[in-house]
Structures are given as structure tokens and as C-alpha cells.
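Asker: Protein chains in written order, with the working numbering: chain A, 37 to 349; chain B, 2 to 288.
Okay, handing you the structure first.
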């Protein structure tokens, strides 16, 4: 029997008249890197806040590390490391002061706290910024300080809300390296909410959310494999004029992605050859690929996951 | 509170480090913002000198001042009130930062931490109280010296060591009271503008009508408001501790015992409401 660190059953949440979550159930194995994937407004941040004990649990049950969320939130908080979308640092304090303040709040004695801060500053390569005022750091550095802050007390479960929002690709890669490192080093379970494909693909298990409901779950590979066929992406010289002709030719509906048309087809290479034969001169470029998580989401909900990759929720 | 399974010992162990960490954060933040230092102590100082000089001629001494050795000047009358105003400004500045803490995300980091919710209130109130007592104490020490440069008349204030300690303790009580009051006003607010509105229509009048600015002996309805205002008892108590000689008990100057009781009860009530507000997890807690 697998060892679940988090089990949620039938969780629903309402803000006034708005149903943010309805009947969400999930299980997370210890040591897993688990992703909550969904577009803005899918309820993933609400779920995150419920798990972080910041919102009252209205309906359903949640147990984390064997504690009941409703009645034992204090014990649960001890197990949690939480990293928010906007870093929860005091911008007027230095990096070290922020970490020390947070460590004291978590009840870590000053001796062990000092060496723990040293370790984490080194682990995340921010030791040279120890005395910098937090508000003057770049977004990537602040995010790493925030992560260090969340790990001070050796949490068994680390919650990350949209961790790479506002980070450039290099900072994003460093941040994810740090998370993988932590996961392997201490066996920390990591739960991350995201609306970004690249982040979701880093996860071992995914739960897709849409409009507060679970769409599907599984590993990224399982989810992609659950779709038959391939993805054929074609760029034409005169897309708008030829779209309907191409659709009826391939007998498949297309989805525009930028200036290209994206088809889900069963025999992509055959269809590609037929298209080239028929439309030859009109085709600027064509690509055959396995379905992505984006396709999985589209298939299950009929909606695109994210129009704007940098959109903030 | 949902976490009743912890032992009392464990609770105490967890309350102090967190409270100290949050309170020292308040102090560090304060001293990094020079303008706050000037704002909280500078304005009351200017008020004291300007109103003291301007209202000197038109001031009618209250009934209880009849037995003083010399007639009471307005600046003397105004002296304890200014100390309380400094405490109030400091309390406002400290607690308005709750709204910034929430907006900047710091607060949700603290709310997700395994500390009793009272720590969040205690840290803020302790930090604000220390700052308020330092600043008001500074004013009480420096204020009387202004008579040497002609900015105030000689004050009939002769404070011995015991009196000074009593005044400091009572000032602490007023500071706890006002910081807790500011906390419970700031907690549900989503913008600092809202807090400024409450400050203008509620907190400033509360100070004006506490017997700090004028005695209010003449008008019947005014006397009633002053009597119902909890801050009246703070100002009156401080007045009794600062002036030399016994002052009689009148309608607008309650006895020391009443002052202490009302101030302590009001502080406890405000603190209780704060803890209750913080322990409710609501959508408002998160940014």
C-alpha cells in the first residue's frame, strides 16, 4: 500500500455565490513532486490556500501527514513549508533578518537556526546576498529567499503557488533545480500549482483542474499517452482562406495557434504527405508531434489552458 | 481556536520566540524609516508649542485646577494630552502596517506558521507599545526643557523617580490599549485609505474628546461624551501621575483607581477582539 502524505476527499469551497472548488479529491504519495495544473480561475489557488490552512475547510475532509485539516491545523502548519506567488518577505529587512524572523516564529532555537540559515543560503547560492535588503533583490533572488524561508524548519510537505511567475527562463531553471535538489536531498513532498506547461512537465504526478472540478490526473506521460493519435501543426501562406478547405480535406477540426493551425489526427505522417501533395506550395512549415498536456486539457475541457503564458492570476 | 490538544507549557514555549521576533521586526522597520520617527513625535511637539502659545490667553482653567499653587497654563494642561497623542500616532503608524503586510504577502507567511494566533497580535502590540513608550517618554523628558528657550512656560511638574516609573507603566498601558484598538481597526481593512478615514472621523475625535485638548466642563453633552470615552481615563490617569500635588476628583477628572480600571479593561477587551479576529480564517486573510 502506498504511503500517502496528503489525502483530500470531496473538497468544495464557495466564496459567496461563487463555487471555487467542487468535490475535489486527491491523494499525494510521500516524496512526490505533484502539480496542480489549471488555467487562471480554475480553483487551484483556492485549493492551495485550503491546504496551507489559510482558508477554512467548508466541505470535505483533508488529512496531511496523518493530521486532520479541520481540527489539527496547528500540527499541520508544523509540517508545511509554504511559498507564495508573491514572496512573503518583509521588503525592509535584510535576507538574513527575514530568515531569522521566520525561523523564530517557527520556534527554532537561535543556535540551530543560525547554522540552518547558513546551510540554506549556501544551498541556494544566495550567501553573498545575506545582508541585502529583501526589497532590493531581483525577482529570481527573492523567490529563492522565499524558498529558503519555507524550508527552514525541514517541512515534510512543501507547497508552492505559481513559483515561476515573473521569472526569466534562467531564473526559472535555477529555481526548479533547487526544488529538485531539495526533493532528492530530504525526500520532501512538493505540491506546486501552475498554469504553465513547462512547469507541469517537471512534475511526477498531475491533477488537472478546470472551473473548480478535477478534469483528470496521472503522470504527464500517462496523460499524454491517454490521447490517441498525434498533433499535426501546419503553417499556410493564406491560413484564413484555406482553413475550411484543409479541415474538410483532413476531416479534422483545427485550432489556431498563432498563425498556425493545429490538428489532432490519427495518422499524422500519412496526413502530412497528403497535405503536401494537395496544398504543396501553400505550406510554409509543418510539424508532427506527440500530444502535449495542452492538448490533453483541450481534449477534456474544450478550452485552452493558457492564452497568455505570463498572465498573473 | 482549533488546537486545544497542545499542553499549556508547549504554548508558552511557542508564544514568546514568535512574539519577540515579530516585535523586533517592528522596531527594525521603524528605525529604518526616518520619516516615521519625525512624523510620530514632531507633529505633536509642534502642536504643543503652537497651541500652547496661541490658546494661552483664551484658556479657562478647569475646576480641579483651583487648588494648584500657581494658575494652570494651557501648555501645562495640554502636556499629558500631547504624550497620549504621540502614543496614538505611534499606534496608528504601527498598526497601519498590517494592511501593507497583508498586501505585500508577509502576513500570509505568518498566518501559515504554526504559532498560536495570539502571537500575531502580541507581536504587533508589543512592538507598537515599545515604540510608543520610547517616543512619549522622550517627549515627557524633553518637553519641560523648552521653557529654557522660551517655547513653553515653566511647568509645575516635578517628577521623582517613583512618579516617573508609575508614569512609564501607565503610559505602557495606554500604548497597549491604543495599539490593540488600532489593530482591530486595521485588521479587516483592505486599504490604507480606509484606515485614514477611520483615523480622521474616529481616532482623532477620540483624542480631542478625551480631556486632552480642552476640559469640556462647560457643556453638558460634551461632558457626557468625554465621560464615555475610554481614552479620557488614560489622559486623566497620566495627568494625575505627572502633576505635583493631589488633584480633586471632578466630573471630567476621574480618580486614579477608576482610570486604571477603565484603561485595563478597555485594553483587555480590544486585545480579546483582536485575537478573535485573527483566529478566524477568512478569505480576507489572504492577499
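Just so it is clear, CB atoms sit at the ideal spot from N, CA and C, and this is done for glycine as well.
Quick one: list the residues of chain A neighbouring residue 105 of chain B, beta-carbon separation under 7 Å, in chain order.
Answerer: The answer, in chain order, is 127.
Asker: Would you mind telling me which residues of chain B sit closer than 8 Å to residue 176 of chain A, beta carbon to beta carbon, in chain order?
Answerer: Simply none; closest approach about 17 Å.
Asker: Which two residues bound the contiguous alpha helix (DSSP H) that contains residue 186 of chain A?
Answerer: It spans 175 to 187 - the alpha helix (DSSP H) in which residue 186 of chain A sits, taken as one unbroken run.
Asker: Determine the extent of the beta strand (DSSP E) in which residue 51 of chain B is found, giving its start and end residues.
Answerer: From DSSP, residue 51 of chain B is part of no beta strand (DSSP E) but of the alpha helix (DSSP H) over 35 to 55.
Asker: Can a CB atom of chain B be found closer than 7 Å to the CB of residue 114 of chain A?
Answerer: So yes, residue 114 of chain A belongs to the interface.
Asker: What alpha helix (DSSP H) runs, 4 residues minimum, are completely inside the segment 60 to 109 of chain A?
Answerer: Within the segment 60 to 109 of chain A, the complete alpha helix (DSSP H) runs of at least 4 residues are 80 to 87.
Asker: Mind listing which residues of the segment 34 to 50 of chain B have their C-beta closer than 9 Å to chain A's C-betas, in chain order?
Answerer: Those would be 34, in chain order.
Asker: Are the Cβ atoms of residue 93 of chain B and residue 257 of chain B separated by less than 7 Å?
Answerer: Going by C-beta atoms, residue 93 of chain B is not nearer than 7 Å to residue 257 of chain B.
Asker: Use the C-beta contact count for residue 175 of chain B: other C-beta atoms within 10 angstroms, 16 or more gives buried, fewer gives exposed.
Answerer: Its Cβ being crowded by 16 or more others within 10 Å, residue 175 of chain B is buried.
Asker: Note down, in chain order, each residue of its chain lying with its Cβ closer than 6 Å to the Cβ of residue 124 of chain B, except the 5 sequence neighbours on either side.
Answerer: So the qualifying residues of the chain are 20, 23 and 24.
Asker: Mind pulling the alpha helix (DSSP H) runs of 4 or more residues that sit fully within the segment 212 to 267 of chain A?
Answerer: You should have 233 to 238 and 256 to 261.
Asker: Please state if the CB of residue 71 of chain A and the CB of residue 242 of chain A are separated by a distance shorter than 7 Å.
Answerer: Cβ distance < 7 Å, so residue 242 of chain A and residue 71 of chain A count as in contact.
Asker: Looking only at its own chain, which residues have a Cβ that is under 6 Å from the Cβ of residue 42 of chain A, when we skip the five neighbours before and after it?
Answerer: Correct list, in chain order: 64 and 100.
Asker: Just to make sure I have the definition right: I need the residues of chain B whose C-beta is within less than 9 Å of the C-beta of residue 118 of chain A. Which are they?
Answerer: Here the neighbours are 109, 110, 113 and 114.
Asker: Name, please, each residue of chain A whose Cβ falls closer than 7 Å to the Cβ of residue 18 of chain B.
Answerer: Per Cβ cutoff of 7 Å: 140 and 143.
Asker: Using beta-carbon positions only, say whether residue 211 of chain A and residue 165 of chain A come within less than 7 Å of one another.
Answerer: For residue 211 of chain A and residue 165 of chain A, no; Cβs fall outside 7 Å.
Asker: Classify residue 182 of chain A: buried if its beta carbon has 16 or more other beta carbons within 10 angstroms, exposed otherwise.
Answerer: That one is buried.
Asker: Pull the bridge partners of residue 236 of chain B from the DSSP assignment, please.
Answerer: Partner(s): none; residue 236 of chain B has no beta bridge.
Asker: Determine the chain B residues that contact residue 168 of chain A at a beta-carbon separation under 7 Å, and present them in chain order.
Answerer: Going along chain B, no residue has its Cβ under 7 Å from residue 168 of chain A, so there is no contact; the nearest lies around 14 Å.
Asker: Taking the beta strand (DSSP E) that residue 293 of chain A belongs to, which residues open and close that run?
Answerer: Here the beta strand (DSSP E) through residue 293 of chain A covers 290 to 293.
Asker: Within the same chain, show all residues whose beta-carbon is closer than 6 Å to that of residue 196 of chain A, passing over the 5 residues directly before and after it, in chain order.
Answerer: Result list for residue 196 of chain A: 119 and 228, in chain order.
Asker: Could you check if residue 230 of chain B is buried or exposed, using at least 16 other CB atoms within 10 Å of its CB as the buried criterion?
Answerer: Looking at its Cβ environment, which holds 16 or more other Cβ atoms inside 10 Å, residue 230 of chain B is buried.
Asker: So the beta strand (DSSP E) residue 51 of chain A belongs to, where does it begin and stop?
Answerer: 40 to 51 is the extent of the beta strand (DSSP E) around residue 51 of chain A.
Asker: Using a Cβ-Cβ cut-off of 7 Å, state whether residue 151 of chain A counts as contacting chain B.
Answerer: Not an interface residue.
Asker: With 16 other CB atoms within 10 Å as the buried threshold, where does residue 257 of chain A fall?
Answerer: So residue 257 of chain A counts as exposed.
Asker: Starting from the Cα of residue 340 of chain A, find the closest Cα among A/75, A/103 and A/194 and give me that residue.
Answerer: The shortest C-alpha separation from residue 340 of chain A is found at A/75.
Asker: When the cut-off is 7 Å and only beta carbons count, does residue 15 of chain B lie next to chain A?
Answerer: So yes, residue 15 of chain B belongs to the interface.
Asker: Can a CB atom of chain A be found closer than 7 Å to the CB of residue 118 of chain B?
Answerer: Output row for residue 118 of chain B: interface = no.
Asker: Using a C-beta cutoff of 7 Å, does residue 237 of chain B count as contacting chain A?
Answerer: Chain A contact via Cβ: absent.
Asker: Quick check on DSSP: helix, strand or coil for residue 273 of chain A?
Answerer: In this structure, residue 273 of chain A counts as coil in the three-state DSSP scheme.
Asker: Does the beta carbon of residue 137 of chain A come closer than 7 Å to any beta carbon on chain B?
Answerer: By this cut-off, residue 137 of chain A is an interface position.
Asker: The segment 84 to 109 of chain A: which residues have C-beta closer than 8 Å to a C-beta of chain B, in chain order?
Answerer: Hits within the stretch, in order: 85, 88, 89, 90, 91, 92, 106, 107, 108 and 109.
Asker: Use the C-beta contact count for residue 71 of chain B: other C-beta atoms within 10 angstroms, 16 or more gives buried, fewer gives exposed.
Answerer: Exposed, because fewer than 16 other Cβ atoms sit within 10 Å of the Cβ of residue 71 of chain B.
Asker: So with Cβ pairs under 7 Å, would you call residue 277 of chain B a contact of chain A?
Answerer: Not an interface residue.
Asker: Just checking: is the beta-carbon of residue 162 of chain B within a distance shorter than 7 Å of some beta-carbon in chain A?
Answerer: So no, residue 162 of chain B is outside the interface.
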